[in-house]
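Residue numbers (my numbering): 5 to 222. Report on one structure; see the data block that follows.
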């Protein structure tokens, strides 16, 4: 259903290719949405996939997807992925967080916890870019102008405050759980990932004109 080919997503194909074979590896997926990327990862026969979804409606859709198309290596969990990362002692060979970072109330802290739990990391995310989104850009309307600088792993990281205008209270919403959330800048994301111990950083599908805001795969 729908017009997004997310069960055949080239971003995930690219991620698996960069990571190498994930057969028999332990995978963490944050924000599986409706299980489409879980399905793609499952085809590579990892040892396990822990998929954590915060949205109750999306979680139920993941369970339906799991049964309908036979996702047999995944366990879906309903809850806060950040708390999972902070409290669980599990370590993963690969972590996947597509469409997650820009929904977070503290994306820098989320990255610091995510990188602590994995050896390889794939992210697709929107990011803030002053040049790509000047003040008259409609995509800028959700930002209120507040910019907070936080130091993480010795790196100053700017967080740009954004709101859903309470769209998160509707049944159709499938983003973050809190109205107030923050985007990071492109270079800040890369600098922070590097400071957190990841030296081999690869980027693809960078699109400053995406209707949702500038984005890239890392």
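Note that the Cβ used here is the ideal one computed from N, Cα and C, for glycine as well.
Taking only the alpha-carbon atoms, compute the straight-line gap between residue 139 and residue 147 and give it to the nearest angstrom. 10 Å
For the pair the stretch 184 to 195 and the stretch 86 to 103, tell me if three or more CB-CB distances fall below 8 Å. no
Based on Cα-Cα distance, which residue from 152, 68, 157 lies nearest to residue 119? 157
Could you tell me how far apart the beta carbons of residue 77 and residue 49 are, in whole angstroms, since I believe they sit closer than 8 Å? 7 Å
Span of the alpha helix (DSSP H) around residue 197: 190 to 199
Is residue 125 helix, strand or coil by DSSP? strand
Span separating the alpha-carbon of residue 219 from that of residue 212: 6 Å
Find out if the Cβ-Cβ distance for the pair residue 109, residue 184 is shorter than 9 Å. yes
I'd like to know whether the C-beta of residue 45 is nearer than 9 Å to at least one C-beta of chain B. Here chain B cannot be found, since the structure has a single protein chain.
So is residue 160 buried or exposed if we call it buried at 16+ other beta carbons inside 10 Å? exposed
For the candidate residues 210, 86, 198, 107, whose alpha-carbon lies nearest to that of residue 133? 210
Cut-off 6 Å between Cβ atoms - residues of its own chain near residue 10, not counting five sequence neighbours on either side: 40
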